[in-house]
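Enquirer: I'd like to ask you about the structure that follows.
In this note's numbering, the protein residues as written are 381 to 729.
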């Protein structure tokens, strides 16, 4: 309990807080409750208890290496004017396999998905909010979305199976899951990796198991995703070649549709067989019209079989093969190398 001016007292309740990453050195802390006791002007000599809940965003100050608050949104009351619908799918079977009965938490509200895999929410606070989904037989997932009061926000999430024989991954495997919004209508996953010699294979929609190691489980062409790549592949038709030592590089290409990757609501989730999860969102920069390739990360398979992950986070143009590095993305050794955007040029479905 802390004393304040004018005989007011307040307390901060952190019992229900939840933190999620926003990308680019920013995090969101939700459900910070401030309780305040203040004199009641209508009844002299008495106090009135007030409670307000806040969502607070923080950014990392590179000069001090400290988190600095840079946004505060009160929740509750008339401010909660946003709405959202969350669709949940099986990550290895795609939109043909919506998941019913998934518990979806948005802010402080919890709903279960219906038979179509959809949970709907109203009276949500505008601004950044985390979406957490979980159900038996699948890995839980969390992401952050931006809500507005002007129109409902459509959110798609896809869960990775944990049951053997249903597409579960184990030690020595990894899976990449891409979801996005309505526009652009078609974003594509591209994964390159080490061949048997100096060559590199390229897994994408027209060569879904190139190299015989990884496989594109789902290619979505009608918004939202998922696009899922598993290494080594879990589907029998793709073979069972183990991971080769070397660098595996993952990129997203804007194949068709309006807008661009930066406005797409894209969310890339890298899941390792040991349970580690990495989440990536497009860089928060001014996107140029030719920026149609986002190199997301590199994963290195070491000679002892261990895996290491390095972000890349560069933008490129498949038309000109140019690559645009972003502030804070290199050439420091902790960052990987951009993919050649020409790999995505003039490929048709």
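Every residue, glycine too, gets a C-beta built ideally from N, C-alpha and C.
1) What number of angstroms, rounded off, separates the C-alpha of residue 551 from the C-alpha of residue 461?
2) For a test of the three-state rule: what should DSSP assign to residue 663, helix, strand or coil?
3) With the cut-off set at 8 Å, would you say residue 469 and residue 477 are in Cβ contact?
4) Would residue 537 pass as a contact of residue 466 if the rule is Cβ separation under 8 Å?
5) Leaving out the 5 sequence neighbours to the left and right, which residues in its chain are closer than 6 Å to residue 719 when beta-carbon positions are compared?
6) Counting only runs that start and end within the region 404 to 461, where is the alpha helix (DSSP H) found for 4 or more residues in a row?
7) Which parts of the region 666 to 697 are runs of the beta strand (DSSP E), unbroken and 3 residues or longer, counting only runs that do not cross its ends?
8) Taking all protein chains shown into account, decide if residue 382 is buried (16 or more other Cβ within 10 angstroms of its Cβ) or exposed.
9) What three-state label does DSSP hand residue 564 in the structure shown?
10) What is the residue span of the beta strand (DSSP E) that residue 391 lies within?
11) Grab the span of the beta strand (DSSP E) containing residue 611 for me, first residue to last.
12) Determine the direct distance from the alpha carbon of residue 610 to that of residue 554, and round the result to whole angstroms.
13) Beta-carbon within less than 7 Å of residue 637's beta-carbon, same chain only, minus the 5 sequence neighbours each way: which residues are those?
14) Taking the C-alpha atoms as reference points, what is the distance between residue 665 and residue 696?
15) For chain B, find out if any of its Cβ atoms is closer than 8 Å to the Cβ of residue 389; answer yes or no.
16) For the 8 Å Cβ check, are there 3 or more pairs between the region 566 to 576 and the region 593 to 600?
17) By DSSP, does residue 700 sit in helix, in strand, or in coil?
18) Which partner residues of residue 559 appear in the DSSP bridge assignment?
19) Just list the residues that DSSP pairs residue 596 with in beta bridges.
20) Roughly how many whole angstroms lie between the Cα atoms of residue 692 and residue 444?
21) Compare the beta carbon distance of residue 673 and residue 633 with 8 Å and say whether it is the shorter of the two.
22) Where do the ends of the beta strand (DSSP E) carrying residue 483 lie?
23) What residue ranges within the region 473 to 522 form continuous beta strand (DSSP E) runs of no fewer than 3 residues, ordered along the chain?
24) How many Å lie between residue 544 and residue 612 at the Cα?
25) On the three-state DSSP scale, how would you describe residue 382?
26) On the three-pair Cβ rule with 8 Å, is the region 576 to 591 touching the region 647 to 655?
27) Compute the distance between the beta-carbons of residue 463 and residue 418, then report whether it is under 8 Å.
Expert: So, to answer that:
1) Answer to the nearest angstrom: the Cα atoms are 44 Å apart.
2) Residue state, collapsed to three classes: coil.
3) In terms of Cβ geometry, residue 469 and residue 477 form a close pair [threshold 8 Å].
4) A contact, by the Cβ cut-off of 8 Å.
5) 629, 631 and 675.
6) At a cut-off of 4 residues, not a single continuous stretch assigned as alpha helix (DSSP H) sits fully inside the region 404 to 461.
7) With a minimum length of 3 residues, the continuous beta strand (DSSP E) runs that stay inside the region 666 to 697 are 673 to 681 and 687 to 696.
8) For residue 382, the pLDDT reaches just 45, beneath the cut-off of 50, and the residue's location in the model is therefore unreliable, leaving the point undetermined.
9) Correct three-state label for residue 564: coil.
10) Unbroken beta strand (DSSP E) run through residue 391: 389 to 393.
11) It spans 607 to 611 - the beta strand (DSSP E) in which residue 611 sits, taken as one unbroken run.
12) One C-alpha to the other measures close to 6 Å.
13) Within the same chain, residue 637 has close Cβ partners 563, 564, 565 and 566.
14) Approximately 13 Å between the Cα atoms of the pair.
15) Here there is only one protein chain, and chain B is not present.
16) The region 566 to 576, when compared against the region 593 to 600, does touch it at the 8 Å Cβ threshold.
17) In the structure shown, residue 700 falls within a coil segment according to DSSP collapsed to helix, strand and coil.
18) Beta-bridge pairing links residue 559 to 647.
19) Residue 596 is bridged to 609.
20) Taking the straight line joining both Cα atoms gives about 24 Å.
21) In this structure, residue 633 lies closer than 8 Å to residue 673 by Cβ.
22) Counted as a single uninterrupted DSSP element, the beta strand (DSSP E) harbouring residue 483 occupies residues 483 to 486.
23) Complete beta strand (DSSP E) runs here, min 3: 474 to 478, 483 to 486, 489 to 492, 498 to 504 and 507 to 514.
24) For residue 544 and residue 612, the distance between alpha carbons rounds to 15 Å.
25) Bear in mind that a pLDDT of 45 at residue 382, under 50, signals an unreliable position, so the model cannot answer this.
26) Touching, no, given that fewer than three Cβ pairs across the two stretches are closer than 8 Å.
27) Contact: no.
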